[in-house]
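Engineer:
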Amino acid sequence: MINSSAFQGKKAAYFTLGCKLNFSETSTIGRLLGEMGVVTAAKGEPADICIINTCSVTDMADHKCRQAIHRMVRENKGAFVVVTGCYAQLEPETISRMEGVDLVLGANEKARLIQYLSEAWTDKTDEENGLHRHFSVATKDIKDFAPSCSRGNRTRYFLKVQDGCNYFCTYCTIPYARGFSRNPTIDSLVRQAEQAVAEGGKEIVLTGVNIGDFGVSTGETFVELVKELDKVGGVKRYRISSIEPNLLTDELIDYCASSRAFMPHFHIPLQSGSDAVLKLMHRRYDTALFAHKIRLIKEKMPDAFIGVDVMVGTRGELPEYFEETYRFLESLDVAHLHVFPYSERPGTAALKIPYIVSDREKKLRSKRLLSLSEEKTEAFYARHIGTTAEVLLEKAARGKAMHGFTRNYIRVELPSSQADEALDNQIVTVRLGDFNSDRSALKITL
Ligand code: SF4
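The UniProt record's numbering numbers the first residue of the sequence shown as 1 and each following residue consecutively.
Here it is, written out as structure tokens:
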């Protein structure tokens with residue numbers, strides 16, 4: 001039984017680290033607490049409840065999580081502090097021992113946050129009052145799927161279509177932190193998309209850990225999901241947050257090319273452009289397959305924006321393998337590289353690979369790829385200057401320029417003199433002008 005009176009009038013503060021999926025889940029936690037009568041604390045106002053949704057993708061992420069917990073505890077004296085997310089699943093005991101932390105919820109438990117809070121606040125004694133408790137189950141027992149479809153900070157909705165991963169790439173801890181791949185039914189996701197439309201949503205980003213694996217729990221497929229979601233008329237735009245190249249089927253690319261609302265925008269993790277390194281990583285494709293996917297997308301959707309994840313300095317990445325990666329990326333018609341340095345994760349199979357890349361070398365390699373990425377993004381944007389595009393505008397602070405994105409993910413800037421709250425979440429057709437002052441967007445006027 002939930003003790004709803006315990007929630008009434010309480011103020012909550014949220015802090016999220018990590019991926020879009022985490023942001024979407026925090027947003028859902030906020031909505032659920034809101035339904036119980038909890039309000040979000042204004043900036044700088046002390047909160048009664050702090051929710052910290054953590055990430056554990058690198059050593060640095062773990063460090064930032066600990067810093068965030070210390071800061072939240074310090075800034076919200078006496079608040080009930082809850083830590084959840086990937087780092088909470090992997091290190092529940094360490095976190096629960098941290099000063100000021102009351103409750104740690106692992107991957108399977110976060111869906112039942114309200115219940116845990118209600119129980120903690122209803123208990124009589126201090127010991128039982130949730131202080132320093134942690135709840136998490138072993139990875140193999142993470143079975144629950146916490147549904148989530150929420151409006152992010154901006155205009156977009158994030159619809160979680162899948163969670164967990166069965167791939168066990170040698171460098172990755174995500175399968176340990178989020179459990180095995182699982183998903184809800186297509187029907188339930190269609191209903192959530194319809195609800196987002198009813199709330200005024202126009203753009204939905206499909207999120208998950210390994211989205212293309214959708215269907216393992218329900219016997220459905222990702223392309224079937226895409227086709228059904230496309231029928232939800234009120235949604236003007238869908239984006240797929242990221243999809244493994246081996247799961248980005250030719251059928252899916254074909255469908256997106258002629259679909260009503262799936263945008264010509266793809267984000268595909270490559271990780272390395274060397275087949276030898278891909279093997280060490282236990283990735284399930286080679287560079288030939290990756291190049292085929294890029295060619296097919298560009299053949300069907302010449303203006304598509306393609307972003308690519310690349311990891312540098314993984315164990316085993318000899319200098320010649322990095323050079324192969326550089327040349328491979330140079331040859332691809334993609335618009336952006338999301339570059340991140342490899343970080344050693346406890347318990348991963350990659351630790352058995354003997355060749356280690358120094359931090360200094362990792363930095364140099366990252367720098368080269370970042371500068372290649374800048375060239376590619378600039379060239380992609382420059383090709384569109386002078387063309388006409390549909391833009392979905394996003395809310396801006398008073399007196400500030402408004403931003404938005406074209407169908408193919410070019411960021412645009414509307415000057416502050418034309419910014420208007422009434423334009424928030426509106427789709428307008430504009431001519432794309434030159435670069436803005438910091439070259440992060442193309443200028444538009446109405
Ligand atoms: S596909 Fe590989 S990198 Fe991606 S979440 Fe699964 S194990 Fe991690």
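Just so it is clear, CB atoms sit at the ideal spot from N, CA and C, and this is done for glycine as well.
Computed from a predicted structure; not experimentally measured.
Comparing the CB of I174 with every heavy atom of the ligand SF4, is any distance shorter than 8 Å?
Structural biologist: The residue you call residue 174 lines up with position 174 of the sequence shown. True, at least one ligand heavy atom lies under 8 Å from that Cβ.
Engineer: Rounded to the nearest angstrom, how far is the Cβ of R411 from that of S440, given a contact under 8 Å?
Structural biologist: For the purposes of this step, residue 411 is identified with residue 411 of the sequence shown, where counting begins at 1. For the purposes of this step, residue 440 is identified with residue 440 of the sequence shown, where counting begins at 1. R411 to S440, Cβ: 6 Å. Contact.
Engineer: Given this structure, state the Cα-to-Cα distance separating C55 from E330, to the nearest angstrom.
Structural biologist: Here residue 55 is taken as the residue at index 55 of the sequence shown, counted from 1. Here residue 330 is taken as the residue at index 330 of the sequence shown, counted from 1. Distance between the alpha carbons of C55 and E330 is about 31 Å.
Engineer: If I measure Cβ to Cβ from T16 and keep anything under 7 Å in the same chain, skipping five residues before and after, which residues do I get?
Structural biologist: Residue mapping note: residue 16 aligns to position 16 of the sequence shown, counting from 1. Result list for T16: N22, F23, T26 and N53, in chain order.
Engineer: Between F180 and the rest of its own chain, which residues show a CB-CB distance below 6 Å, the 5 nearest in sequence each way excluded?
Structural biologist: By one-based count along the sequence shown, residue 180 stands at place 180. Excluding residues within five positions, the ones whose Cβ falls inside 6 Å are G164 and N166.
Engineer: Just grab the DSSP bridge partners of G85 for me.
Structural biologist: Counting from 1 along the sequence shown, the entry for residue 85 is found at position 85. DSSP output for G85 lists T54 as bridge partner(s).
Engineer: Excluding five sequence neighbours on each side, which residues of the same chain lie with their C-beta closer than 8 Å to the C-beta of L280?
Structural biologist: In the sequence shown, counting from the first residue as 1, residue 280 sits at position 280. Within the same chain, L280 has close Cβ partners T170, T314, R315, G316, A350 and I353.
Engineer: Let me make sure I understand the geometry here. Which of V197, L318 and D303 has the alpha-carbon closest to that of residue 448?
Structural biologist: Examination of residue 448 is not possible in this model, given that the chain is present from 1 through 446 alone.
Engineer: Please report how far the alpha carbon of R260 lies from the alpha carbon of D230, in whole angstroms.
Structural biologist: Sequence index remark: in the sequence shown, residue 260 carries index 260 (1-based). Sequence index remark: in the sequence shown, residue 230 carries index 230 (1-based). Approximately 6 Å, taken between the alpha carbons.
Engineer: Quick check on this structure: which residue in A419, R74 and D62 has the alpha carbon closest to the alpha carbon of E91?
Structural biologist: As a working mapping, residue 91 is identified with position 91 in the sequence shown. E91 has its Cα closest to that of D62, out of A419, R74 and D62.
Engineer: Do the segment 62–74 and the segment 27–43 make contact, defined as three or more Cβ pairs closer than 8 Å?
Structural biologist: Output reads no: the segment 27–43 does not touch the segment 62–74.
Engineer: If you scan the segment 299–338 from start to end, which runs of the alpha helix (DSSP H) of 4 or more residues do you find wholly inside it?
Structural biologist: List check, alpha helix (DSSP H) in window: 319–331.
Engineer: Identify which residue in T155, M36, A389 and F322 has its Cα closest to the Cα of L113.
Structural biologist: One-based indexing of the sequence shown puts residue 113 at position 113. For L113, the nearest C-alpha among the options comes from M36.
Engineer: Between which residues of its own chain and T125 is the CB-CB distance below 8 Å, once the five residues before and five after are set aside?
Structural biologist: Counted from its first residue, the sequence shown places residue 125 at position 125. Because T125 carries a pLDDT of 49, less than 50, the predicted location of this residue cannot be relied on, and the following value inherits that uncertainty. Excluding residues within five positions, none has a Cβ falling inside 8 Å.
Engineer: Measure from the alpha carbon of G18 to the alpha carbon of each residue in D59, N425 and K143, then state which is nearest.
Structural biologist: As a first step, residue 18 must be located in the sequence shown, where it is residue number 18. Of the candidates D59, N425 and K143, the one whose C-alpha sits nearest the C-alpha of G18 is D59.
Engineer: Please state whether the Cβ-Cβ distance between A193 and V226 is less than 9 Å.
Structural biologist: On the sequence shown, position 193 is the one that residue 193 refers to. On the sequence shown, position 226 is the one that residue 226 refers to. For A193 and V226, no; Cβs fall outside 9 Å.
Engineer: Given this structure, state the Cα-to-Cα distance separating Y14 from D48, to the nearest angstrom.
Structural biologist: Here residue 14 corresponds to residue number 14 of the sequence shown, with the count starting at 1. Here residue 48 corresponds to residue number 48 of the sequence shown, with the count starting at 1. Distance between the alpha carbons of Y14 and D48 is about 11 Å.
Engineer: Could you check if F168 belongs to the surroundings of the ligand SF4, using beta carbon to heavy atom distance under 8 Å?
Structural biologist: Within the sequence shown, numbered from 1, the residue matching residue 168 stands at position 168. Yes.
Engineer: Here's the rule: buried if 16 or more other CB atoms are within 10 angstroms of the residue's CB, otherwise exposed. What is Y342?
Structural biologist: In the sequence shown, the residue the question calls residue 342 occupies position 342. With 16 or more Cβ atoms within 10 Å of its Cβ, Y342 is classed as buried.
Engineer: How big is the Cα-Cα spacing for Q8 and L103?
Structural biologist: Within the sequence shown, the letter at position 8 stands for residue 8. Within the sequence shown, the letter at position 103 stands for residue 103. Roughly 20 Å separates the two Cα atoms.
Engineer: Are at least three pairs of beta-carbons, each pair with one atom in the segment 271–291 and one in the segment 242–252, less than 8 Å apart?
Structural biologist: Because the criterion of three Cβ pairs below 8 Å is met, the segment 271–291 and the segment 242–252 touch.
Engineer: According to DSSP, is I174 helix, strand or coil?
Structural biologist: Counting from 1 along the sequence shown, the entry for residue 174 is found at position 174. I174: helix per DSSP, three-state reduction.
Engineer: Give me whichever residues DSSP pairs with R97 in a beta bridge.
Structural biologist: Working through the sequence shown from its first residue, we reach residue 97 at position 97. Its beta-bridge partners do not exist; DSSP assigns none.
Engineer: Quick check on E91: does DSSP put it in helix, strand or coil?
Structural biologist: On the sequence shown, residue 91 is found 91 positions in, with the first residue counted as 1. In this structure, E91 counts as coil in the three-state DSSP scheme.
Engineer: Check whether the Cβ of P245 sits closer than 8 Å to any heavy atom of the ligand SF4, and report yes or no.
Structural biologist: The residue labelled residue 245 in the question sits at position 245 within the sequence shown. No, the Cβ of P245 stays beyond 8 Å of every heavy atom of the ligand SF4.
Engineer: Around the Cβ of Q195, are there at least 16 other Cβ atoms within 10 angstroms (buried) or fewer (exposed)?
Structural biologist: Position 195 of the sequence shown, counted from the start, is the residue given in the question as residue 195. Exposed.
Engineer: Please report the residue range of the alpha helix (DSSP H) in which G257 lies.
Structural biologist: Taking the first residue of the sequence shown as position 1, residue 257 is located at position 257. Looking at the sequence itself, residue 257 is Ala, so the reference to Gly does not match. Unbroken alpha helix (DSSP H) run through A257: D250 to S258.
Engineer: Hey, how far is the Cα of E394 from the Cα of R239?
Structural biologist: Numbered from 1 along the sequence shown, position 394 holds the residue referred to as residue 394. Numbered from 1 along the sequence shown, position 239 holds the residue referred to as residue 239. One C-alpha to the other measures close to 16 Å.
Engineer: How about R345: is its Cβ closer than 8 Å to a heavy atom in the ligand SF4?
Structural biologist: Walking along the sequence shown from the start, residue 345 turns up at place 345. No.
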